[in-house]
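Peer 1: Following this message is one structure expressed as structure tokens.
Numbering (my numbering), first residue to last: -8 to 305.
What follows is the structure, encoded as structure tokens:
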């Protein structure tokens, strides 16, 4: 089984709470907050642990919030190492409005990185990559870190026998689409795909066309577009289509994408084909949206949902 290495340059201490109603200019009496370690790579490693797997998490962390972050990660049994950057860790807050059922998510920007920070992080990542490893940078980039940072690392990781799976958005996604960097997987959601193309993608066939176009242009060997409750569109060298999840009642959308990537990566690390891996990811995302706060996917549900995922050719 291949090693899985997650990278979180801009982690957060995630607080989630609930309020009777979110109303401006009033003090909102909230429930006691749930506190979890957060950031894309951290959540992927947490989800992998939930599914019975192992990974190594490289995390930039510092200050009292960073100490709490690492304590919470270690309490969940994860292996975590520093990226060599120790700026104070940011916080994020999500509030569920009981009156409307809507969830509000407030994300702080994180600390400013210097060129020296980027250099230390680059050296740390490259020294941690073993041949055949899956490297998963995920989450937002801190201010000061170039949108090309991970794309410039991808060829070096590939040269060591590693494979990079990138789930990104905004300028970093634009760069991944225009400057092929030898990615193994490129993943985005529908909103990010629409921002990339400048067009509304209302039909699954439109998403499939985009994914295939990006794959053929060399953006990645496998391209996926998350289509919400409809499932995930995947374009691989052997198949293009939709992996459709069972119908579930959503409670929180936090962590659905990270759960997807975790289950997908575990499947690939076991040697399964990309479409089967996408089915596992789809099952994990369906499990995650049923959970409150940032609990992520649960193994028993994922194994049950996997049997119900449909494959629909596009």
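Think of the CB as a built atom: it goes at the ideal place given N, C-alpha and C, for glycine as much as any other residue.
What is the rounded straight-line gap between the Cα of residue 255 and the Cα of residue 17?
Peer 2: Translated into positions along the chain shown, residue 255 becomes position 264. Translated into positions along the chain shown, residue 17 becomes position 26. Rounded to whole angstroms, residue 255 to residue 17 spans 43 Å at the Cα level.
Peer 1: Would you check if the stretch 263 to 273 and the stretch 179 to 195 touch, i.e. whether three or more CB-CB distances between them fall below 8 Å?
Peer 2: Contact fails: fewer than three Cβ-Cβ distances are below 8 Å.
Peer 1: Since residue 231 sits in a beta bridge, which residues does DSSP pair it with?
Peer 2: Here residue 231 corresponds to residue number 240 of the chain shown, with the count starting at 1. According to DSSP, residue 231 bridges with 226.
Peer 1: Please report how far the alpha carbon of residue 213 lies from the alpha carbon of residue 226, in whole angstroms.
Peer 2: Taking the first residue of the chain shown as position 1, residue 213 is located at position 222. Taking the first residue of the chain shown as position 1, residue 226 is located at position 235. Their backbone Cα atoms lie some 6 Å apart in a straight line.
Peer 1: Pull up the distance between the alpha-carbon of residue 24 and that of residue 9, whole angstroms please.
Peer 2: Residue mapping note: residue 24 aligns to position 33 of the chain shown, counting from 1. Residue mapping note: residue 9 aligns to position 18 of the chain shown, counting from 1. Rounded to the nearest angstrom, the two C-alpha atoms are 8 Å apart.
Peer 1: May I ask which residues mark the beginning and end of the alpha helix (DSSP H) holding residue 147?
Peer 2: For the purposes of this step, residue 147 is identified with residue 156 of the chain shown, where counting begins at 1. 140 to 150 is the span of the alpha helix (DSSP H), which, as asked, contains residue 147.
Peer 1: Is it right to say residue 282 is buried, meaning 16 or more other beta carbons lie within 10 angstroms of its own, or is it exposed?
Peer 2: As a working note, residue 282 is residue 291 in the chain shown. Result: buried.
Peer 1: Looking only at its chain, what residues have a beta carbon closer than 6 Å to the beta carbon of residue 211, apart from the 5 residues adjacent to it on each side?
Peer 2: The residue you call residue 211 lines up with position 220 of the chain shown. Contacts found: 174, 176 and 177.
Peer 1: Between the stretch 147 to 167 and the stretch 96 to 111, do three or more beta carbon pairs fall short of 8 Å?
Peer 2: Flag = no, the stretch 147 to 167 and the stretch 96 to 111 do not touch.
Peer 1: Does the stretch 267 to 280 come within contact of the stretch 243 to 259, defined as at least 3 CB pairs closer than 8 Å?
Peer 2: Short answer: they touch.
Peer 1: Return the CA-CA distance between residue 0 and residue 90, expressed in angstroms with no decimal places.
Peer 2: As a position in the chain shown, residue 0 is number 9, starting the count at 1. As a position in the chain shown, residue 90 is number 99, starting the count at 1. If you take the alpha carbons of residue 0 and residue 90, they lie about 36 Å apart.
Peer 1: Kindly indicate which three-state DSSP category residue 29 falls into: helix, strand or coil?
Peer 2: By 1-based counting over the chain shown, the position of residue 29 is 38. Of the three classes helix, strand and coil, the one that applies to residue 29 here is strand, per DSSP.
Peer 1: Give me the DSSP bridge partner(s) of residue 97.
Peer 2: Within the chain shown, residue 97 is the residue found at index 106, counting from 1. DSSP output for residue 97 lists 84 as bridge partner(s).
Peer 1: Is it buried or exposed, residue -8, if we count other Cβ atoms within 10 angstroms and call 16 or more buried?
Peer 2: Taking the first residue of the chain shown as 1, we reach residue -8 at position 1. Looking at its Cβ environment, which holds fewer than 16 other Cβ atoms inside 10 Å, residue -8 is exposed.
Peer 1: Less than 8 Å between C-beta atoms, sequence neighbours within five positions excluded: which residues of the same chain meet that for residue 341?
Peer 2: A query on residue 341 cannot be resolved here, the shown segment of the chain reaching from -8 to 305 and no further.
Peer 1: Measuring alpha carbon to alpha carbon, tell me which of 125, 85, 168 and 81 ends up nearest residue 132.
Peer 2: As a working note, residue 132 is residue 141 in the chain shown. That would be 81, whose Cα lies nearest to the Cα of residue 132.
Peer 1: For a test of the three-state rule: what should DSSP assign to residue 112, helix, strand or coil?
Peer 2: For this step, residue 112 is matched to residue 121 along the chain shown. The answer is helix: DSSP assigns residue 112 an H, G or I state.
Peer 1: Restricting to Cα atoms, I'd like to know which of -2, 155, 301 and 292 is closest to residue 34.
Peer 2: Stepping through the chain shown from its first residue, residue 34 is reached at position 43. Residue 34 has its Cα closest to that of -2, out of -2, 155, 301 and 292.
Peer 1: Would you tell me roughly how many angstroms separate the C-alpha atoms of residue 201 and residue 250, rounded to the nearest one?
Peer 2: Start at 1 with the first residue of the chain shown, and residue 201 comes out as number 210. Start at 1 with the first residue of the chain shown, and residue 250 comes out as number 259. The alpha-carbon atoms of residue 201 and residue 250 are separated by roughly 23 Å.
Peer 1: Per DSSP, which one or two residues make a beta bridge with residue 213?
Peer 2: Indexing the chain shown from 1 puts residue 213 at position 222. In the DSSP output, where bridge partners are listed per residue, residue 213 has 176.
Peer 1: Alpha carbon to alpha carbon, how far is residue 52 from residue 113?
Peer 2: Your numbering for residue 52 matches position 61 in the chain shown. Your numbering for residue 113 matches position 122 in the chain shown. Taking the straight line joining both Cα atoms gives about 15 Å.
Peer 1: Rounding to the nearest angstrom, what Cα-Cα distance links residue -5 and residue 88 in this structure?
Peer 2: Locating residue -5 in the chain shown gives position 4, where the first residue counts as 1. Locating residue 88 in the chain shown gives position 97, where the first residue counts as 1. Approximately 36 Å, taken between the alpha carbons.
Peer 1: Run the CB neighbour count on residue 223, radius 10 Å, all protein chains shown included, and call it buried at 16 or more, exposed below.
Peer 2: As a first step, residue 223 is located in the chain shown; it is residue number 232 there, counting from the start. Looking at its Cβ environment, which holds 16 or more other Cβ atoms inside 10 Å, residue 223 is buried.
Peer 1: When we look at the beta-carbon of residue 180 and count the other beta-carbons within 10 Å, is it buried (16 or more) or exposed?
Peer 2: Walking along the chain shown from the start, residue 180 turns up at place 189. So residue 180 ends up on the buried side.
Peer 1: From residue 141 to residue 301, what distance separates their C-alpha atoms?
Peer 2: Counting from 1 along the chain shown, the entry for residue 141 is found at position 150. Counting from 1 along the chain shown, the entry for residue 301 is found at position 310. So the two alpha carbons sit approximately 33 Å from each other.
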